[in-house]
Amino acid sequence: MQFAHFSLYASTIISLSHLGTAELAAAGLESMTVTVTGILVFQGMASALDSVLPAAWTSPEPEMMGVWTQRMLAVMTVLLFPVTALWWNITPVLLHLGQDPEVVALASVYLRAVSLGLPGFALNQVMRKYFQSQNLMRAPSIVVAIVAPVNALMNSLLVWGPDWIRVGFVGAPLAQAASFNAAGLLSVLYAVVWAPRTAWAGFDRRQAFQELGVVFSLGLSGIVMISAEWWVWQVCTLVAGSMGRMPFATHSVLLNFTGLLLQFPLSIGLATSVRVGNLLGLRRKKQATLVGKVSVIASIGVSLHNRRVIGTSLPNSWLLAFRYSIARLFNSDPQVVEGVGRLAIYLAALQLAEGVAGAAFGTLRAVGKHHYGAAVNIVSFLGFAIPLALFFASAKNWGIDGMWLGMTMGVIVLGGLSLVGVSRIDWDQAVRRAQILVGEQVDAPEDPDTVYRATAHSG
Numbered sequence: 001m002q003f004a005h006f007s008l009y010a011s012t013i014i015s016l017s018h019l020g021t022a023e024l025a026a027a028g029l030e031s032m033t034v035t036v037t038g039i040l041v042f043q044g045m046a047s048a049l050d051s052v053l054p055a056a057w058t059s060p061e062p063e064m065m066g067v068w069t070q071r072m073l074a075v076m077t078v079l080l081f082p083v084t085a086l087w088w089n090i091t092p093v094l095l096h097l098g099q100d101p102e103v104v105a106l107a108s109v110y111l112r113a114v115s116l117g118l119p120g121f122a123l124n125q126v127m128r129k130y131f132q133s134q135n136l137m138r139a140p141s142i143v144v145a146i147v148a149p150v151n152a153l154m155n156s157l158l159v160w161g162p163d164w165i166r167v168g169f170v171g172a173p174l175a176q177a178a179s180f181n182a183a184g185l186l187s188v189l190y191a192v193v194w195a196p197r198t199a200w201a202g203f204d205r206r207q208a209f210q211e212l213g214v215v216f217s218l219g220l221s222g223i224v225m226i227s228a229e230w231w232v233w234q235v236c237t238l239v240a241g242s243m244g245r246m247p248f249a250t251h252s253v254l255l256n257f258t259g260l261l262l263q264f265p266l267s268i269g270l271a272t273s274v275r276v277g278n279l280l281g282l283r284r285k286k287q288a289t290l291v292g293k294v295s296v297i298a299s300i301g302v303s304l305h306n307r308r309v310i311g312t313s314l315p316n317s318w319l320l321a322f323r324y325s326i327a328r329l330f331n332s333d334p335q336v337v338e339g340v341g342r343l344a345i346y347l348a349a350l351q352l353a354e355g356v357a358g359a360a361f362g363t364l365r366a367v368g369k370h371h372y373g374a375a376v377n378i379v380s381f382l383g384f385a386i387p388l389a390l391f392f393a394s395a396k397n398w399g400i401d402g403m404w405l406g407m408t409m410g411v412i413v414l415g416g417l418s419l420v421g422v423s424r425i426d427w428d429q430a431v432r433r434a435q436i437l438v439g440e441q442v443d444a445p446e447d448p449d450t451v452y453r454a455t456a457h458s459g
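No gaps in the numbering here: position 347 of the sequence shown is 347 in UniProt numbering, and each next residue is one more.
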């Protein structure tokens, strides 16, 4: 499912990459801007539900799932306005940051067009959490399995199709916006027609707008927890843009290559978050602890397997050549392909540490440790990754190679600190917190980390 979801973004890069270097650079710039200022904001806010919905589903009060879902939808609706306004007025910001005017013009067109799909994207993020918390993993998979090929077809027709339907560059964002809205509507349709009604007791006007501060607080930390790394990658993208079109194009392809390899360990983190939350709702802390440990081990195993894909574990010539084949899928320019192949060596260490962090953060989100996750991301990326990346790229004059080396070192720090956080979880407190959030009466000690001072469900 994660791979198919990733294809919604990758197909856009692929369809535009062969229009020219400027179009590829614009696609990379808009992709990072959309991700950092929009997609990850909504995903981070929705991650607040990881600490509520799974536990609610297995608790004596499963209908609280519907209540918390309604609260999240209210917060998401408010978020749509500032994000849309930013995307429609991003041109002077990008120009001020020193980006190529031609690239900025194309990226601005893209952002305005794709903003039409923001409501559907936000809705789909909430519905995915709603389904996953009930172990209805098939629902999001069915939705993305329908939307992904349609998105690829629309990209092909609107960008490269016959004259009567082809609109060129702008066709890619229009296809993506349509796909986002289709995914949201299909998710609602699945919930209405096929999902069980146990978790939904109807719209409750009185409770739907209560405790929005709790939702926003959890979500804000979730945004930082999920988005900090991508905000830093945005800085790297801007730096790469100042190096010239070829380094920028190489960086754009490599970044998408990284995202492709990380889909598998990220899926493990998602499953971990749901399973740990379900077990907390059942008050089975020992099993929840075991799931957290096993997920990290599984993520390491998957990441080590991925190393073979990029040709860094075994010397086989076909494995070494495979990374260049992937690069050619995104761009056919020989310089770009060579740069991607050269820098792919850093992905071995980077995606291994990312896999560990992804699994660990799944557990941390389930127990409500969003604040810790946010702090770890800030320390790792602002304290280590960015300073090292800029130092190696500029002071050492290693260019894009140095930038990727610095980022890799920061991600290794992230993986280590995420494991420290999991090892320090108080599982008794985690069980009490889950009970409080779904409205169960418990005798819990006063603890500032119990969300949020035992008032999360006063309604």
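Even for Gly, the Cβ is constructed at its ideal location relative to N, Cα and C.
Residue range of the alpha helix (DSSP H) that includes residue i
i	result
residue 401	399 to 423
residue 82	64 to 88
residue 205	205 to 208
residue 54	53 to 57
residue 96	91 to 96
residue 335	334 to 343
residue 45	40 to 46
residue 33	21 to 34
residue 389	386 to 390
Sub-7 Å separation of residue i and residue j beta-carbons
i	j	result
residue 363	residue 289	no
residue 262	residue 125	no
residue 434	residue 218	no
residue 234	residue 36	yes
residue 71	residue 189	no
residue 348	residue 414	no
residue 30	residue 116	no
residue 406	residue 388	yes
residue 165	residue 157	yes
residue 15	residue 24	no
residue 265	residue 355	yes
residue 53	residue 141	no
residue 245	residue 33	no
residue 359	residue 267	no
Three-state class that DSSP yields for residue i in the structure shown
i	result
residue 233	helix
residue 248	helix
residue 135	coil
residue 520	Only positions 1 to 459 of the chain appear in this structure, which leaves residue 520 out of reach.
residue 542	The chain is shown from 1 up to 459; residue 542 falls before or after that span and cannot be answered.
residue 432	helix
residue 181	helix
residue 427	helix
residue 370	helix
residue 160	helix
residue 100	coil
residue 365	helix
residue 167	coil
residue 354	helix
residue 117	helix
residue 151	helix
residue 201	coil
residue 195	coil
residue 13	helix
residue 313	Note on residue 313: pLDDT 43, under 50, position unreliable in the model; no value is reported.
residue 467	Absent from the model: residue 467. The displayed extent of the chain is 1 to 459, so no value can be given.
residue 331	coil
residue 60	coil
residue 243	coil
residue 383	helix
residue 109	helix
residue 319	In this prediction, residue 319 scores a pLDDT of 35, lower than 50, which makes its location untrustworthy; the coordinate-derived value is nonetheless stated afterwards. Helix at residue 319.
beta-carbon residue i near the ligand ADP non-hydrogen atom, thresh 6 Å
i	result
residue 46	Here there are no bound small molecules, and the ligand ADP is not part of this structure.
Proximity test, Cβ basis, 7 Å: residue i and chain D
i	result
residue 110	Absent here is chain D; the protein component of the structure consists of one chain.
Point to revise | Whole alpha helix (DSSP H) elements within the region 256 to 311, 4-residue minimum | key: 285 to 309
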